[in-house]
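Participant:
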């Protein structure tokens with residue numbers, strides 16, 4: 003029997019995601035035994051500092067990638083929004099799994115909707131992206147840093163430290179906590195993070211056997227959308243912890259990418275959108291062409307944002323961190 007080792011973070015959500023991939027692989031390949039290797043990352047260890055102030059890229063993936071290099075793991079399962087735009091040489095994303103709900107969720111014990119929050123209410127989030135967009139919509143709120151795994155964040159809400167918190171809808175749903183969602187924020191209010199709601203499977207680029215195993219897990223529409231989002235972020239030279247939002251969809255054969263960059267306090271919120279027709283043929287050649295189209299769309303949206311002054315906003319944020 004063939005054995006495959008999965009590197010994963012130790013949080014309940016990360017373990018659920020890795021177990022989900024383990025189950026899918028073992029259902030596909032009856033002679034395959036899949037083991038989980040739980041690990042702690044730098045981002046998991048530093049919980050008293052906002053992510054943007056920790057600095058560096060790959061806060062939640064570097065230790066998992068080292069396990070791939072050491073060959074103690076064959077694949078690593080990530081939330082795609084945590085994966086840096088540039089992968090280390092020798093590693094690749096072998097599969098982009100079908101995206102689940104990409105939205106942000108409003109969670110509160112006392113208020114049903116973000117519009118119901120009173121002036122000065124305390125709202126918790128770990129994300130500068132969410133902070134800048136919500137501050138633009140509700141500048142009267144006190145937006146406060148919120149770190150920890152999903153359970154820890156909910157406990158802080160339940161202890162009365164916050165009036166409401168914002169979490170990823172997909173994470174709550176995966177953990178069976180969708181009952182805590184008061185409502186999903188419309189993407190017009192809070193455009194999702196690049197890659198939000200999608201899982202990515204990383205492996206060694208020269209491991210052809212593993213790449214072949216992962217092929218059935220790849221979801222082509224998701225891949226095209228997130229490639230456009232990541233191309234935009236990469237051109238902006240943004241990391242995972244800056245106020246950049248990017249969300250692509252496929253509508254009537256067109257790839258449509260919305261992008262945003264905002265100032266942390268929400269006073270400036272730049273927006274750009276671009277749509278391009280995809281090649282509607284299911285073969286490897288069309289997949290490659292659509293991937294190039296996705297990259298081009300991402301660059302076009304990024305250039306539009308830069309023309310509006312996105313570079314000045316991002317430079318200021320990096321200077322202050």
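Residue numbers (this note's numbering): 3 to 323.
Glycine residues also receive a C-beta, built at the ideal position from the N, C-alpha and C atoms.
Keep in mind the model is a prediction, meaning the values are calculated, not measured.
Would you call the CB atoms of residue 70 and residue 266 closer than 8 Å?
Facilitator: Against a cut-off of 8 Å, the Cβ pair of residue 266 and residue 70 comes out as no contact.
Participant: Could I get the ranges of all uninterrupted alpha helix (DSSP H) runs contained in the stretch 217–276, with 4 residues as the minimum, in chain order?
Facilitator: The stretch 217–276 contains these whole alpha helix (DSSP H) runs: 222–237.
Participant: Give the DSSP bridge partners of residue 106, in chain order.
Facilitator: Note: residue 106 sits in a beta bridge opposite 170.
Participant: Let's test the definition: count the other Cβ atoms within 10 Å of the Cβ of residue 86 and tell me whether it reaches 16, buried, or not, exposed.
Facilitator: Under this definition residue 86 is a buried residue.
Participant: Taking only the alpha-carbon atoms, compute the straight-line gap between residue 20 and residue 8 and give it to the nearest angstrom.
Facilitator: Taking the straight line joining both Cα atoms gives about 7 Å.
Participant: With DSSP run on the structure shown, which of helix, strand or coil describes residue 96?
Facilitator: In this structure, residue 96 counts as strand in the three-state DSSP scheme.
Participant: In three-state terms, what does DSSP make of residue 49?
Facilitator: With a pLDDT of 48 at residue 49, under the threshold of 50, the modelled position of this residue cannot be trusted; read the value that follows with caution. Coil, per DSSP.
Participant: At which residues does the alpha helix (DSSP H) containing residue 11 begin and terminate?
Facilitator: Run containing residue 11: none in the alpha helix (DSSP H); it sits in the beta strand (DSSP E), 4–11.
Participant: When you compare only the Cα positions, how much space is there between residue 321 and residue 264?
Facilitator: So the two alpha carbons sit approximately 15 Å from each other.
Participant: Under 7 Å Cβ to Cβ from residue 33, same chain only, skipping five residues before and after it: list those, please.
Facilitator: For residue 33, where only same-chain residues beyond five positions count, the Cβ hits under 7 Å are 3 and 4.
Participant: Answer with buried or exposed for residue 159, where buried requires no fewer than 16 other C-beta atoms within 10 angstroms of its C-beta.
Facilitator: That one is buried.
Participant: Using DSSP with H/G/I as helix, E/B as strand and the rest coil, what is residue 56?
Facilitator: Low per-residue confidence applies at residue 56: pLDDT is 44, beneath 50, and the placement is therefore not dependable, though the value from the model is reported in the following sentence. In the structure shown, residue 56 sits in a helix (DSSP, three-state: H, G or I).
Participant: Nearest CA to the CA of residue 164: which residue from 215, 182, 112 and 170?
Facilitator: The option with the nearest alpha carbon to residue 164 is 112.
Participant: Which whole-angstrom value is the C-beta distance of residue 156 and residue 182, which I expect to be below 8 Å?
Facilitator: Correct: roughly 7 Å between the Cβ atoms.
Participant: Identify, in the order they occur along the chain, each residue of the same chain with its Cβ nearer than 6 Å to the Cβ of residue 168, setting aside the five sequence neighbours on each side.
Facilitator: Only 106, 127 and 132 meet the Cβ criterion.
Participant: When the Cα atoms are used, what is the spatial distance from residue 221 to residue 202?
Facilitator: Their backbone Cα atoms lie some 10 Å apart in a straight line.
Participant: If you reduce the DSSP assignment to three classes, tell me which class residue 80 lands in.
Facilitator: Residue state, collapsed to three classes: strand.
Participant: Have a look at residue 24 and residue 36 and give me their C-alpha separation to the nearest angstrom.
Facilitator: The alpha-carbon atoms of residue 24 and residue 36 are separated by roughly 6 Å.
Participant: Could you spell out the range, first to last residue, of the beta strand (DSSP E) harbouring residue 205?
Facilitator: Looking at the DSSP string, the run of the beta strand (DSSP E) that includes residue 205 is 201–206.
Participant: Buried or exposed, going by whether 16 or more other CB atoms sit within 10 Å of the CB of residue 225?
Facilitator: Residue 225 should be labelled buried.
Participant: Check for me: the beta strand (DSSP E) holding residue 146 runs from which residue to which?
Facilitator: Note, residue 146: beta strand (DSSP E), 144–147.
Participant: Counting pairs of beta carbons, one from the stretch 133–140 and one from the stretch 266–281, are three or more of them closer than 8 Å?
Facilitator: In short, these stretches touch, since the Cβ pair count reaches three.
Participant: In the DSSP assignment, find the alpha helix (DSSP H) that holds residue 152 and state where it starts and stops.
Facilitator: That run of the alpha helix (DSSP H) goes 152–160.
Participant: Thinking residue 27 and residue 215 are a contact (beta carbons under 8 Å), I'd like their distance in whole angstroms, please.
Facilitator: Contact flag correct, Cβ pair sits at about 7 Å.
Participant: Rounded to a whole number of angstroms, what is the C-alpha to C-alpha distance between residue 319 and residue 31?
Facilitator: Spanning the two alpha carbons is a distance of roughly 47 Å.
Participant: Given a cut-off of 8 Å on the beta-carbon distance, is the pair residue 62 and residue 84 in contact?
Facilitator: Taking 8 Å as the Cβ cut-off, residue 62 and residue 84 qualify as a contacting pair.
Participant: Give the range of the alpha helix (DSSP H) segment to which residue 138 is assigned.
Facilitator: Note, residue 138: alpha helix (DSSP H), 130–139.
Participant: With DSSP as the reference, label residue 71 as helix, strand or coil.
Facilitator: Three-state result, residue 71: helix.
Participant: Quickly, what does DSSP pair residue 288 with across the bridge? List them, please.
Facilitator: Answer is none; residue 288 lacks a bridge partner.
Participant: On the CB-based measure, 16 or more other CB atoms within 10 Å of its CB, does residue 294 come out buried or exposed?
Facilitator: Residue 294 comes out exposed.
Participant: Would you identify the three-state DSSP class for residue 127, choosing helix, strand or coil?
Facilitator: Strand at residue 127.
Participant: Taking residue 299 and residue 257 to be in contact with their CB atoms under 8 Å, please state how far apart those CB atoms are, rounded to whole angstroms.
Facilitator: The pair is a contact, with the Cβ atoms about 6 Å apart (cut-off 8 Å).
Participant: By Cβ distance, which residues of its chain are closer than 6 Å to residue 303, with the 5 residues on each side in sequence left out?
Facilitator: Excluding sequence neighbours, residue 303 sits near 234, 259, 261, 274 and 276.
Participant: Checking the sheet assignment: what are the DSSP bridge partners for residue 278?
Facilitator: The partner list for residue 278 (beta bridge, DSSP) reads 257.
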